[in-house]
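Take a look at the structure below.
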Amino acid sequence: MVLQSTPIVASSRITRWRASPKWQMFTSSPLAVASTAWLIFVVVLAFVVAPLVVDQANHQTIAMRFYAPFRLDKGFEFFLGADSLGRPIMLQLIVGARTSVLIAIFAVSISAATGYAVGVVSGYFGGWVDNILLRLADIIHTVPSLLMALVVLFILQPSIFNLIIVLGITRIPVYLRTSRTQTMEVRERMFVEVSKAIGASNWRIITRDIAPLVFPTIRTLAMLEVSAVILSAASLTFLGIGLQRPDVDWGMMVSDGRAYLKSAWFVAVFPGIVIVLTALSANILSNWLRAVEDPAQSTLFFRAKKKKGAAEE
Amino acid sequence: MYTYLGRRLLSGFITLLGVVVVVFFMSRLTGSPIDLFFPEGAEPAQIDAFNKAYGLDKPLAQQFGIFLLNVGQGDFGTSIWQQRPAMEAALSEMPMTLLLAAIAMTISILVALILGSLAAVYRFRAVDRTITILSLMTSSMPHFWFALVGILIFAVQLRVLPTSGSNSWLSWILPIATVSIGPIGVLTQVVRGAMIDVLSSGYVRNARARGFSARRVVYRHALRNAALPIISVAGDIAAGMVNGAVIVSVVFAFPGIGRLIVGAILNRDYPVLEASVVVVGVSIILLNLLIDIICSIVDPRIRLN
Amino acid sequence: MRGFISSMITVASVATMTTALPAWAATSDKAITVVLAVELDSLDPCDTQPAQNANVVRGNVFESLTHVSPTSGKIEPLLAESWKQTSDKEWEFKLKKGVKFHDGTDFNAAAAAANIMRTQGGPNYAGIACLNSGQIPDPVKAEAVDDLTLKVMTSVVDPILPLRLSYVDIGDLASQSKPAKVLNPVGTGPYRFVSRKQGDAVKLTRFDRYWGGAPQIKDVTYIVRKEATVRASMVETGEAQIALSIQAQDATDDDRTVTFKDNRIFVMRPMTFKEPFKDPRVRQALSYAVDRDTIVPAILGVTGAPYYQMLGPQVNAYIPDYDEKSAMKYDPAKAKELIAAAKADGHPVDTPFDIITRPDILPDGGELVQAIAQNLKEIGLNVNIRSMENTAWREFLRQPFPPEQPPTLQMISHDNTSGDASFSFPKYITCKGINSAICNPEIDKLIAEAEVASGEKRAELYRKAAGILYQQAGFIGIAEQIRLIMLGEGVEYKANPLSGLEIKIADVRLKD
Chain A
4 MVLQSTPIVA SSRITRWRAS PKWQMFTSSP LAVASTAWLI FVVVLAFVVA
54 PLVVDQANHQ TIAMRFYAPF RLDKGFEFFL GADSLGRPIM LQLIVGARTS
104 VLIAIFAVSI SAATGYAVGV VSGYFGGWVD NILLRLADII HTVPSLLMAL
154 VVLFILQPSI FNLIIVLGIT RIPVYLRTSR TQTMEVRERM FVEVSKAIGA
204 SNWRIITRDI APLVFPTIRT LAMLEVSAVI LSAASLTFLG IGLQRPDVDW
254 GMMVSDGRAY LKSAWFVAVF PGIVIVLTAL SANILSNWLR AVEDPAQSTL
304 FFRAKKKKGA AEE
Chain B
79 MYTYLGRRLL SGFITLLGVV VVVFFMSRLT GSPIDLFFPE GAEPAQIDAF
129 NKAYGLDKPL AQQFGIFLLN VGQGDFGTSI WQQRPAMEAA LSEMPMTLLL
179 AAIAMTISIL VALILGSLAA VYRFRAVDRT ITILSLMTSS MPHFWFALVG
229 ILIFAVQLRV LPTSGSNSWL SWILPIATVS IGPIGVLTQV VRGAMIDVLS
279 SGYVRNARAR GFSARRVVYR HALRNAALPI ISVAGDIAAG MVNGAVIVSV
329 VFAFPGIGRL IVGAILNRDY PVLEASVVVV GVSIILLNLL IDIICSIVDP
379 RIRLN
Chain C
2 MRGFISSMIT VASVATMTTA LPAWAATSDK AITVVLAVEL DSLDPCDTQP
52 AQNANVVRGN VFESLTHVSP TSGKIEPLLA ESWKQTSDKE WEFKLKKGVK
102 FHDGTDFNAA AAAANIMRTQ GGPNYAGIAC LNSGQIPDPV KAEAVDDLTL
152 KVMTSVVDPI LPLRLSYVDI GDLASQSKPA KVLNPVGTGP YRFVSRKQGD
202 AVKLTRFDRY WGGAPQIKDV TYIVRKEATV RASMVETGEA QIALSIQAQD
252 ATDDDRTVTF KDNRIFVMRP MTFKEPFKDP RVRQALSYAV DRDTIVPAIL
302 GVTGAPYYQM LGPQVNAYIP DYDEKSAMKY DPAKAKELIA AAKADGHPVD
352 TPFDIITRPD ILPDGGELVQ AIAQNLKEIG LNVNIRSMEN TAWREFLRQP
402 FPPEQPPTLQ MISHDNTSGD ASFSFPKYIT CKGINSAICN PEIDKLIAEA
452 EVASGEKRAE LYRKAAGILY QQAGFIGIAE QIRLIMLGEG VEYKANPLSG
502 LEIKIADVRL KD
């Protein structure tokens, strides 16, 4: 893969961007393109199509129970078959997409933003504040997230909101640690000392100097986490907690189809495939973003995970 | 070295304490176990006696004080549901989970080392691309789906493996595969990355120039240096394995701490819940400690930080 | 000579052994595995009422003084040979001779009395909280007159005392020095308790000195798998020989799938004290709204049949011609009419209410409830489904119903194998009943009268009460549950109405 230099004459921003190394990297890799296409497709389904089909998706028609897939005679929406109550699986997948995407976006945003902010503050100031925050993060981190989520969601009523909150909180430690470690490293650099010498306030140093440097790592981490959150949410709903009909998400669909593996395999398999494709796309894309950041290691834009935990404490 | 050890142990202990407190209050919020053990229309006298026997009639703060006192002596109380000491129940289930996790971890590391090295050595070629894509796929697959598909194919259609339980060694195959599938994906990528780092470094080129065979270079030098990032990632993986174990215990009815915790939550068995979380927490903290120690031995720079 | 004698002895002993049992059921060394849906939670003889415990120990480890016959539905002798009512509140039971507990001690009246007293709780046994205690709502006093004669004194006139005593299982309590649950059960049944590993398996083994003759199968292991599909597959692959609570979709067409009905009805209970259910018309509309004939066969398949009453056909409160004459069958137009009428009288019929159910309420229950919810929505009701685990569900089942609790439509799967409505009605439909959401003075009066009546008069009074209940739509029947058991290759078991509670391994035969 050859990195082209940007042409000196560029007539518009788009042309310039099109010729930039990033775009070249992107288009020359079919995987990155495919992943992005799929994710965009899912998001469009989730926010544009889902509101239109919700009622149809949840409508039960006993006569259509376990209608087999790959036939068009009953209408396009039954192409992927129907579930145990005659609901069209294709439409259920679309409504499920909305749930899963919402959960993923909000949960990741909450945990990333909180972890990022708290991590920077904690890493910058150090001292006992740092210690306590780290302690709290450890506590949340020690109990395996699934267990924690199980207990909490058990107490609360099942709802999308609660699921978002629980997933958001349990994943904060990852961002907090990374953010904190990076902050501590950046803090020692020359230009920060310079800022201090000039007399810049702490707040200014944090927001202007340190935070922007930490941001790219967090952003990459967040993309990777999207895949993890989708999987976690699916695991929780698969176990039967966190959501209740008529709210539906892909994990719940797999769980519903579990009893019919022999007779109606498609009820469980289709949502499973969708989960894998979506998580995979998010994974591939996050790898690509990391490769963009560090071209030295970019071999087909796959690279190793950063060493976590080795440089702490 | 020992101050480092001491400090880590202390911080681990404090974390554990925090976890226990959180679990105590959270589990009390899920409701009382009374309803489970009483017939409909039980006499108030019976309910009172039950409450007294298990100390559930005192105010929450007092319950907590008594709880801390007992825990300090290692007594987690008697399981209401299982009618035996809670810690005994937790400790009896943990070995299975540890065994499952240990086997899965070993297999994952071995497979990852092989695949990752292959991918690194044959960088850019078809082998690399296949392995990388496969490892990305497996790390994107939810445990439960892999388990279900596994059951569908191997147990239901082909009938070569049992659907559940843990009697024969055959019934371990699917659970182990389920728990290791994610880590294999992640670790393969880590190994690959680390190996690429090392293989392109000056000192390896030096070794090659001196005429050592590629294989020797890989085994003796590269792998050793790749060990560090692998070990440090292993800690995160371990926690993830407990999650996998919970799913496995539900889908395959496999024994282990996951099954115990889910049962304790459903039965509102506070003592077992607390004891189990402590056991899991201690295991993870000790594991992380072990990993940190190994890391600091391998790379003294970390210790001196 | 010696050879001749020894062969004669062999022949003689074979002859005696086989005359004690049907000829083809000689004892074997075979072992079987039974896979259950729910794990047993107590081995105590006084906790055998819930199905998860009864399935393992009732009829196998423990027996009771009397027994409901699976064929006739009437009360029959078991450990008690005969009984008579000596006065209004006094009964005398003559016990069987020669019955031994598994530890070799004799079964006698003192043991029976101890179990009866312990089951009820009370001062000597405080804190044990026996689950069987609900079967004896008014205390009785039991005394041993002599080794084989037991005197029981009731506190109220109770014509069905022998029936109540069928729920008291007899265990050897000699080793219980202080009040605690039995962890090592010792009973009189054909199987002896071996071991129990929590979360894993319960093992029983044959008791050779059982008074009814040693059963064929030697060892039984009980394991638990929550998934119905997994249970069915285990029988198919030979990992288990008997699987309980199979779903319709896993049932086979041959004789390996056995059905039985245990008078278990899936019903809905509206909260009559709160809107929108205060007006009986709205409650009746609930019954008219549900299209049982479509959804029950489609979703439950062979495991259910549409039903309109609260109690099963074997119970004395069953109204024989109710279905044809008065059942409120599917008629959405009528349902909407009734709701409109109630609305016109000022009732807020669009008050949102919650359907309270459990994931395991019955096989395929989740889907059935969803289908019901859609039916209710179609007539304009504002319904929300809440599925929760057992403990939380029971909190909604029982009184009190605090005002801040939303109005509920509780889904209940209720069984009554005793044949007598006394085990259902007082608890569920009287004003003071712990599980009751209705208060109708006429019903209460009829039930109070029935409790002290006997025979046909008793049945008539219960039927009258039931009639009012259904007319008021206090309980709305949806489906009669048909239970499925799956048997492995070569396993024979004839299921009966009691199989939901007792799976007597002694009745299971293995073909060689």
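Residue numbers (my numbering), protein chains in the order written: chain A, 4 to 316; chain B, 79 to 383; chain C, 2 to 513.
For glycine and all other residues, C-beta sits at the position ideal for the given N, C-alpha and C.
When you compare only the Cα positions, how much space is there between residue i and residue j?
i	j	result
Val58 (chain C)	Ser437 (chain C)	30 Å
Ala312 (chain B)	Leu153 (chain A)	24 Å
Lys446 (chain C)	Val251 (chain A)	48 Å
Ser23 (chain A)	Leu292 (chain A)	15 Å
Leu398 (chain C)	Ile357 (chain C)	9 Å
Arg484 (chain C)	Ser186 (chain B)	45 Å
Glu503 (chain C)	Val62 (chain C)	11 Å
Ala164 (chain B)	Thr256 (chain B)	29 Å
Asp365 (chain C)	Ala372 (chain C)	11 Å
Pro307 (chain C)	Asn185 (chain C)	43 Å
Asn133 (chain C)	Phe102 (chain C)	21 Å
Ile209 (chain A)	Arg101 (chain A)	36 Å
Gln406 (chain C)	Glu171 (chain B)	39 Å
Ile161 (chain C)	Asp324 (chain C)	29 Å
Taking residue i as the query, report the chain B residues whose CB atoms sit under 9 Å from its CB, ordered along the chain.
i	result
Ile172 (chain A)	Correct list: empty, because the minimum Cβ distance to chain B is about 12 Å.
Count the other CB atoms within 10 Å of the CB of residue i; is the residue buried (16 or more) or exposed (fewer)?
i	result
Asp280 (chain C)	buried
Thr81 (chain B)	exposed
Leu236 (chain B)	exposed
Val146 (chain C)	exposed
Cys432 (chain C)	exposed
Glu443 (chain C)	exposed
Arg165 (chain C)	buried
Lys428 (chain C)	buried
Ile175 (chain A)	buried
Phe222 (chain B)	buried
Ser1 (chain C)	Because chain C in this structure spans residues 2 to 513, residue 1 (chain C) falls outside the shown range and cannot be described.
Ser1 (chain C)	Chain C is shown only over 2 to 513; residue 1 (chain C) falls outside these bounds and no answer can be derived.
Met193 (chain A)	exposed
Leu55 (chain A)	exposed
Ser266 (chain A)	exposed
Looking at the strands, I want to know which residues DSSP matches up with residue i.
i	result
Asp107 (chain C)	C:Lys101
Pro91 (chain A)	A:Ala85
Trp92 (chain C)	C:Gln86 and C:Val153
In chain A, which residues lie with their C-beta within 9 Å of the C-beta of residue i?
i	result
Gln248 (chain C)	Ala262
Pro261 (chain B)	Ordered by position in chain A, no residue passes the 9 Å Cβ test against Pro261 (chain B), which lies about 12 Å from the chain.
Name the chain C residues that come within less than 8 Å of residue i, Cβ to Cβ?
i	result
Gln247 (chain A)	Ile386, Arg387 and Ser388
Could you list which residues in chain B have their beta carbon closer than 8 Å to that of residue i, in chain order?
i	result
Trp268 (chain A)	Leu230
Ser419 (chain C)	Chain B residues near Ser419 (chain C): none, gap ~15 Å exceeds 8 Å.
Using the beta-carbon of each residue, which ones in chain A are nearer than 8 Å to residue i?
i	result
Glu368 (chain C)	Ser87 and Leu88
Does residue i come within less than 8 Å of chain F when only Cβ atoms are used?
i	result
Ala353 (chain B)	Included in the structure are the protein chains A, B and C, with no chain F among them.
So which residues on chain A does residue i lean against when the C-beta distance must stay under 7 Å?
i	result
Ser217 (chain B)	Asn286
Mind listing the chain B neighbours of residue i? Cutoff is C-beta to C-beta under 7 Å, in chain order.
i	result
Arg138 (chain A)	Ile92, Thr93 and Gly96
Asp141 (chain A)	Thr93
Can you pull the chain C neighbours of residue i, defined as C-beta to C-beta under 7 Å?
i	result
Gly243 (chain A)	Pro360
By the 8 Å beta-carbon criterion, what residues does the stretch 181 to 202 of chain C contribute toward chain B? Lys182, Leu184, Gln199, Gly200 and Asp201
What residues from the stretch 308 to 339 of chain B come within 7 Å of chain C, judged by C-beta to C-beta, listed N to C? Ala331, Pro333, Arg337 and Leu338
Contact set between the stretch 390 to 401 of chain C and chain B, restricted to residues whose Cβ is under 8 Å from the partner: Glu390, Asn391, Thr392, Ala393, Arg395, Glu396, Leu398 and Arg399
In chain order, what residues of the stretch 43 to 69 of chain A put their CB closer than 7 Å to some CB of chain C? Gln63, Ile65 and Arg68
Closer than 9 Å, Cβ to Cβ, to anything on chain A: give me those residues from the stretch 153 to 176 of chain B, in chain order. none
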